[in-house]
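Report on one structure; see the data block that follows.
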Amino acid sequence: MVAIQAKHLCKVYRWYARRTDLIKEMLLLNKKQYHSKRVALEDISFEVGAGESVGVIGQNGAGKSTLLKLLAGLSVPSSGSFEVNGKVAALLELGTGFHPDYSGVENIRINGMLLGLSRREIEQKLPTIVEFAELEEAIQQPLRTYSTGMQARLAFSIATALQPHILLIDEVLAVGDAYFVNKCIAHLQHFINDGGTVIVVSHNSFLLGRLCQKILWLEKGKLLQFDSAQTVSRAYDLYVRRLESARRARAGLQEDGQRWGSGEIRVKSVLLLNREGRQEYAYFRGERMVVRVHYETDGIYRNPSVYLLVSSHEGILVTSCFSGEEPTDLGVFQGMGYVDVAFDPLLIGDGNYWLSAGIFPHKEGPESIYRLDPYDYHERVREFTVKRPTRPLQTVFDHPVKWSHGCAS
Amino acid sequence: MIGTGSRMNRSFPESLRGLLGNFELIRILTVDDLRRAYTGSLMGLSWILVKPVLIVGLYGVLFGIVFQARGGPRQTATEYLLVLLAGLLPWLSFSEAVSTAAGSITANTSLVTKIVFPIEILPVSKVLSTMLSGLVSLVLLVVFLVYLNQVGWAMVLLPLLIVAQLVFTIGLAWFLSAMNVAVRDTSQVLPLVLMVWMFLSPVVYTTEMVPKGLAFVFSCNPMAYFLDGYRMILLNNQPPNFLIWGVVTAMAVTIFLTGFWVLCRMRAHIADFI
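These protein sequence lines are chains A and B, in that order.
Each residue of the first sequence is one higher than the one before, starting from 1 at the first, in the working numbering.
Each residue of the second sequence is one higher than the one before, starting from 1 at the first, in the working numbering.
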């Protein structure tokens, strides 16, 4: 059975230069148009079967929320049509219509009515709602004493108590704590198993991959891909990575980091190159990343030391390398040239990082670089992103391990 | 639910019927409105009385004592006060209801854009809650009249007139709250319009005091008929004549339907535009 069928859905927002133009258009019965158009959704066709869970992914302004609003009946499509079979509940925002001075119970009553429950239904479901939200103790307290997470729990509980056939959710699970999000996901999975249909909007491809069978990818109002969750989330991650990378490549050398040194050898540029030797500033963990440090000099210098430091945006020093500490001979630096430092495989975890680079004079013996005056040291010269292909955990570092299995008996 | 959206594509009569179906929600929201207005404040419900008492006191002193305004040469100050009250109290509940209800949709943006919600009931519950507060002072006036032994059987018509005023006000509130989405100045301009309207209506004076040459202005003013009706019932123990009933009913029904029609026409676009 088909739960949702959309045919050539378009949504064009009307842009009125003056607000009075809207009134003219609404009330005058002539057909003159007083607006310019902004396309939010363009020719979207798809079909969702009953019992399917579909994620909607895309950048900001891709039209995700607009699509949900159309399906919820909050807004009318400009052209095209859709059919929805079954009772729809939409969770577009947590706590719409909540009043901070009322207690949890009173808010459940009013909110339930706003969402279309009858008084009897609310009284019947009240215990379930309170129980699911795990607010038994606080339920008589005014809502303003609740934390954001508690309010999110209450709102989600009320919405699920509507017992719809189709549930539309817009990025609302981002508020709760991990425990509650997991509980919601488990609840949604139950709901799906019982034949319910779910449509979830999110930026988080990992969450969608966990929850949904299929993902619909919107980009600038157009449907780019509608396929299995795994296929689309992978493609989307790659796409986001490319965008990030292109932005970083355009950015060139950063200006905000400090730079100092005597200047005999100067860092000319620092590039990050991927496996194919092309510039890339966003990597999956485990890939090959090469840092290419271009230098220029007017003299001739024998085996100077190159130093790289990777620090996270939070200020944590993640990893560093110094050629002077290793039995490496970089040879003679003269005119212009470059030094390649390969991180292969890249082991650092999810996050955004700064790269600092420096060139130091050659010194014999175990000398700390802090006692050396650099020829050139360029702090935070490049920015790059590392993404884990699987679990989006914010670990600093994924240690390589070896697995084995033994029998204890 | 099959179709393109639940609340947008209903026909006008369907929407009108839907309004009755939402009776329970209207009740809840009205009670909620009253509670929000009065809970948490130090004086609580007594605020319902403070404002009318203050305004009536001011107008009473100003017009009754300073200006020595009288309906006729033999009217006493108390009599004038009653004339003033019978006009001022219905007017206050009207103007208060209109001006608060005009912002009722724009003040609830999230209800409009985030949940499937019959927005037409927002102005209704706002009008109801303000008019209920207004009713309290009107009831006190009736009690005062009972004390003065001036109440007659015409009083049974009072509820009819109040209902007509309610219907009229709701229609106006629909129209203005829809307007306010498109032109936010509506709620700014409205108090000024209401002030001018008040002095063009027989509130601090009676229709009989109006010079003959200006009478046509008052015959075009629906509120003049309402206020005349109130005075006839409350002060003269007289059922309002057919002209008053005719105009009052016609205005109430026309404005109610027009206001609702405007809101229905704009409804599909309000969520996009708010």
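C-beta: ideal position from N, C-alpha, C; glycine also.
R210/A sits away from I192/A, with the two beta carbons spaced by 8 Å or more. Per DSSP, the beta-bridge partners of M289/A are F343/A.
Between S75/A and chain B, the shortest Cβ-Cβ separation is below 8 Å. For N236/B, no alpha helix (DSSP H) run applies, since DSSP gives it neither H nor E.
Taking a cut-off of 8 Å for Cβ pairs, the stretch 35–44 of chain A and the stretch 117–126 of chain A do not touch, as fewer than three such pairs fall below it.
For a cut-off of 8 Å, the C-beta gap from I158/A to L71/A is around 20 Å, too long to register as a contact. Taking CB atoms only, L25/B has a neighbour in chain A less than 8 Å away. With distances taken between CA atoms, L273/A lies nearest to Y338/A out of Y338/A, P327/A and F322/A. Under the DSSP assignment, R153/A falls outside any beta strand (DSSP E), being part of the alpha helix (DSSP H) whose first and last residues are T148 to A161. Chain-order list of chain A residues neighbouring F273/B: L22, by C-beta distance under 7 Å. The alpha carbon of V318/A has as its nearest neighbour, out of M113/A, E52/A, H399/A and T231/A, the alpha carbon of H399/A.
Boundaries of the alpha helix (DSSP H) around R36/B: F23 to Y38.
Chain-ordered, the chain B residues with CB closer than 7 Å to the CB of A72/A read V116.
Under the 8 Å Cβ criterion, the stretch 214–233 of chain B does not count as touching the stretch 123–137 of chain B, having fewer than three qualifying pairs. Between S110/B and chain A, the shortest Cβ-Cβ separation is below 8 Å. At a cut-off of 8 Å between C-beta atoms, T30/B does not count as an interface residue with respect to chain A.
Comparing alpha carbon positions, the residue from S11/B, S110/B and E120/B closest to L25/B is E120/B. Nearest Cα to Y80/B within the set P90/B, Y59/B, S99/B and S95/B: Y59/B. With a cut-off of 8 Å on Cβ pairs, the stretch 329–344 of chain A is not in contact with the stretch 219–226 of chain A, counting fewer than three such pairs. One Cα belongs to A249/A, the other to S228/A, and the distance between them is close to 32 Å.
Residues of chain B with a Cβ closer than 7 Å to the Cβ of L115/A are, in chain order, I115. Scanning its chain for C-beta atoms nearer than 6 Å, with the 5 sequence neighbours on each side dropped, one finds around E25/A the residues Y34, in chain order. If you keep only unbroken beta strand (DSSP E) runs of at least 3 residues inside the stretch 21–77 of chain A, you get 35–49 and 53–57.
Contact residues of the stretch 183–215 of chain B toward chain A are V183, R184 and D185 (C-beta to C-beta distance below 9 Å). For A89/A, the enclosing beta strand (DSSP E) begins and ends at V88 to L91. Under the DSSP assignment, E264/A falls outside any alpha helix (DSSP H); it carries neither an H nor an E label. Taking the CA atoms as reference points, H294/A sits about 10 Å from I265/A. The alpha-carbon of L88/B is positioned some 52 Å away from that of E131/A. Under the Cβ criterion (8 Å, minimum of three pairs), the stretch 280–299 of chain A counts as touching the stretch 231–247 of chain A. When C-beta atoms of the stretch 149–165 of chain B are compared with those of the stretch 225–237 of chain B, three or more pairs fall below 8 Å, so the two segments count as touching. In the DSSP annotation of this structure, K363/A is not part of any beta strand (DSSP E), being labelled neither H nor E.
Out of L115/A, G86/A and N182/A, the CA that lies nearest to the CA of A133/A is found in N182/A. M1/A sits in coil when the DSSP states are folded into three classes, being neither helix nor strand. Contact between G80/A and H8/A holds: their C-beta atoms lie close to 4 Å from each other, under 8 Å. If you check the CB distance, R144/A and F180/A do not come in under 8 Å.
Excluding residues up to 5 positions away in sequence, I26 and I170 lie with their Cβ nearer than 6 Å to the Cβ of V124/B in the same chain.
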